[in-house]
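Protein sequences, first through last, are from chains A and B. Per the working numbering, the first sequence starts with residue 1, numbered consecutively. Per the working numbering, the second sequence starts with residue 340, numbered consecutively. For glycine and all other residues, C-beta sits at the position ideal for the given N, C-alpha and C. Everything numeric in this text was worked out from a predicted model, so none of it was measured.
2 protein chains.
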Amino acid sequence: MLDERKKRVLQAIVEEYIQTAEPVSSNAIMNCEGLECSSATIRNEMAELEKMRYLEKPHTSAGRVPSAKGYRYYVDELLQEDKITLEEIKYISEKLENKVNQIEEITQIASSTISEITHYTTVAIGPNTNEQIIENIRFVLLNSRMMMAVILTDTGLVKETIIKFDEDITENQVQTLSYMFNNKLKGQPITKIDKPLEKYLVDEMSYSVNLIKPIIEQMKKVVEEESIHLEGATRLLELPEFNSLEVAKNFVNILDEKELMADMLNTGFAKDINVYIGEENEKEELKDFSIVTFKHRIGNKDLGTIGIIGPKRMDYAKVISVMKYISKKLNGNDTKKDE
Amino acid sequence: MLDERKKRVLQAIVEEYIQTAEPVSSNAIMNCEGLECSSATIRNEMAELEKMRYLEKPHTSAGRVPSAKGYRYYVDELLQEDKITLEEIKYISEKLENKVNQIEEITQIASSTISEITHYTTVAIGPNTNEQIIENIRFVLLNSRMMMAVILTDTGLVKETIIKFDEDITENQVQTLSYMFNNKLKGQPITKIDKPLEKYLVDEMSYSVNLIKPIIEQMKKVVEEESIHLEGATRLLELPEFNSLEVAKNFVNILDEKELMADMLNTGFAKDINVYIGEENEKEELKDFSIVTFKHRIGNKDLGTIGIIGPKRMDYAKVISVMKYISKKLNGNDTKKDE
DNA sequence: TTTTAGCACTCGATTATGTCGTTTGCTAAT
DNA sequence: ATTAGCAAACGACATAATCGAGTGCTAAAA
């Protein structure tokens, strides 16, 4: 356990470093509130905090920098969560009240709003489609060889896709197909759209393969697509830690790895808001970054995940306040209730 | 007019510089084919080419670098267009034969294929929707307050959108709406979906505003959206000219400017393949880049544009060969005919 | 007249050297 | 327990020195 003054010193160092990105000297924080003592005293405290691994020194004659442990302590114990302004609250409300027609859109709007306010990069992924239950399927004949399939799920997700055939189809065929598919799939998990169903329809119900195969394949494809949406990808490049070309490239490459991003957003959701600091990230590539995530859900239905990625010295207080607010707004707001 | 040896020298310098990104010395090209003379002779030729503005010198004791004029001459007169390999041809064929269901998809596939083969960044934009003629409109009731609208155009473009209402709607209403919209819009340019139509339907045909307004607004919105698709955005960062953080950031920012990208792809289509070298670009921001574009079209119908963006010393021979090949494949291939 | 060998000169890149300022850690006094 | 004072550490920055690739010119050779 840290005594009161050590807490103050740690907090001051973390906050100063978050702001300046420069190692923090004993002088720099001497005048912080709650620290009315000389720089020498602070140096002693700093030496002890370093021994306890809350702080690190880039080299002998530099100031101190928080370690991952230091940030962690700060996030868990010291940070104040009211770092969201009235303007920001207003801005968020405006953004989220925009009428949207697709459930995925609201996640993206939330994501981009967070990026705008915090100036970090955000990632939004759509709901895990595997968990969805089919509520309804519509087939629409577009022309003699094209049909559109629309899948509605219990969470309000709408997936549509165009299906092309090698032979002409009729309005009548579409009708019976529609009936058939709804009959088999209504109330079923979306994963049922798969080979076995194709086999059943062809073998048992003696539909033509040429008809069924493209439908199943295309529907399966569109249902499995995962949507990843990046926002403010270039924002981090403005930060001083990305002044080295190496680091900048590394970051850009990370963003390119869709897989990694998806994985990153899908690890552990113990709490409402999840914070991973530097080495706490499972992925080696992310050890220089911090990540904060939350899930957009109604009840226990997953509607998508939003994550923010920034430097280890990210402004946790701000980020967490904003994300908590938006999370509440999204997850509380079920359909109605403004402001 | 350049004499034969000057052409050889210019060509050698351009090609060497394209490969190495280093100023080319008289020694370096001494042994190129067609240049069996001493470095001193080459130096004299280089001095003259510089006087004629085909070459530039970064500083006194460095080799030469092609000017925009030099590149232009190379592209127009010297470049050999057979720099596409059999493997590449095969790879392109495979990619393009993938069944796609959306006309826009094929443009994107072509775009990403080009990026993969050339290692530059490519941009694809969808067709100019304004020019499209409406062939058919379908309305599908999804649930009591949601409808999907599907618009088919003469070029095979399919645009769909979800429309939400504040009041319940019935299958019947959807039917009459469908009839009405098709009646008014079939054969009309897509730009007719606009305020005047809304006004007409509400005022003259006495439909409810609550019904018509969301439909028109949403359809208008989806029709006007321009799709811009980037591929290989980070590829250029590997090139030596992007080793300076300044340039790299600048490049990333350019890619961020969707407007700029769209503009860039929409300037002048005098030829099949259009090449803009450095300062030839209208936009100030692009003066350090070269851009090669072509239009995907069937007959005189615009189906989208594909552009490649790279350094001024881009491998024009390769890029142009590849783009010519793909362009022919896309624009020739109307629907059928494999290989 | 054209080509080429030879050579002085230019100039950026790289490396070495020196100086400065910040910050620490320790000691001794408070 | 705190603090003033001071030597030592060390990166950052500026300056100087060196190196070498490449040119342009001159004069000789073809």
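- The three-state secondary structure of A/Gly310, taken from DSSP, is strand.
- Boundaries of the alpha helix (DSSP H) around A/Asn210: 209–224.
- Taking the Cα of B/Arg574 as reference, the smallest distance to any Cα among A/Asn253, A/Ala233, A/Glu238 is reached at A/Asn253.
- Among the residues of chain A, those whose CB is under 9 angstroms from the CB of B/Thr573 are Lys249, Val252, Asn253, Leu255, Asp256, following chain order.
- Across the structure, A/Thr129 and A/Ile190 are spaced so that their CA atoms are roughly 7 angstroms apart.
- Annotation for B/Thr380: the continuous alpha helix (DSSP H) segment containing it runs 378–390.
- Take the alpha-carbon of B/Tyr655 and the one of B/Val414: they are about 7 angstroms apart.
- Identification of residues in the region 491–506 of chain B having a C-beta nearer than 8 angstroms to some C-beta of chain A yields Leu491, Val497, Glu499, Thr500, Ile501, Ile502, Lys503, given in sequence order.
- Here DSSP, grouped into helix, strand and coil, assigns B/Asn613 to strand.
- Of the residues assessed, A/Val123 falls on the buried side of the cut-off, its CB having 16 or more other CB atoms within 10 angstroms.
- Secondary structure of A/Phe269 (DSSP, three-state): coil.
- DSSP places A/Glu15 outside any beta strand (DSSP E); the residue lies instead in the alpha helix (DSSP H), whose first and last residues are 4–20.
- Distance between B/His398 and B/Val404, taken at the CA atoms: about 10 angstroms.
- Under the 8 angstroms Cβ criterion, the region 145–152 of chain A counts as touching the region 161–180 of chain A, having at least three qualifying pairs.
- Here A/Val247 has no same chain residue with a Cβ atom under 6 angstroms from its own Cβ, once five neighbours each way along the sequence are excluded.
- Less than 8 angstroms divides the Cβ of B/Ile490 from the Cβ of B/Met558.
- Chain order gives the chain B residues near A/Val140 as Arg477, Val479, Val489, where near means a beta carbon separation below 7 angstroms.
- The C-alpha of B/Ile453 is placed about 37 angstroms away from the C-alpha of B/Phe478.
- The CB of A/Leu96 never comes closer than 8 angstroms to any CB in chain B; the least such distance is about 16 angstroms.
- Rounded to whole angstroms, B/Gln441 and A/Glu105 show a C-alpha spacing of 21 angstroms.
- With a cutoff of 8 angstroms on beta-carbon distance, B/Met603 and B/Val631 are scored as not near each other.
- Membership of A/Leu86 in the alpha helix (DSSP H) is indicated by the continuous run 86–97.
- Closer than 8 angstroms to the CB of A/Asn210 there is not a single CB belonging to chain B.
- The three-state reading of DSSP puts A/Lys329 in helix, counting H, G and I together.
- Within the DSSP secondary-structure output, A/Asn136 pairs in a beta bridge with A/Leu152.
- Annotation for B/Glu621: Thr606 place their beta carbon closer than 7 angstroms to its own, counting only its chain and skipping 5 residues before and after.
- Shown here, B/Ala463 sits in a strand according to DSSP, grouped into three states.
- The three-state reading of DSSP puts B/Gly571 in coil, since its state is none of H, G, I, E or B.
- In this structure, the CA atom of A/Lys258 is about 54 angstroms from the CA atom of B/Ala379.
- Closer than 8 angstroms to the CB of A/Gln19 there is not a single CB belonging to chain B.
- Distance check between B/Ile659 and each of B/Glu619, B/Phe628, B/Val614 places B/Val614 closest, using alpha-carbon atoms only.
- Contact check between the region 355–367 of chain B and the region 381–397 of chain B: three or more CB pairs, one atom from each, fall below 8 angstroms, which counts as touching.
- With respect to B/Glu580, B/Pro650 sits close: the two C-beta atoms are nearer than 8 angstroms.
- Straight across, the Cα-Cα distance linking B/Leu388 with B/Asn582 is about 29 angstroms.
- Secondary structure at B/Arg636: strand, using DSSP grouped into helix, strand and coil.
- Taking the Cα of B/Ile464 as reference, the smallest distance to any Cα among B/Ile456, B/Ala449, B/Glu474 is reached at B/Ala449.
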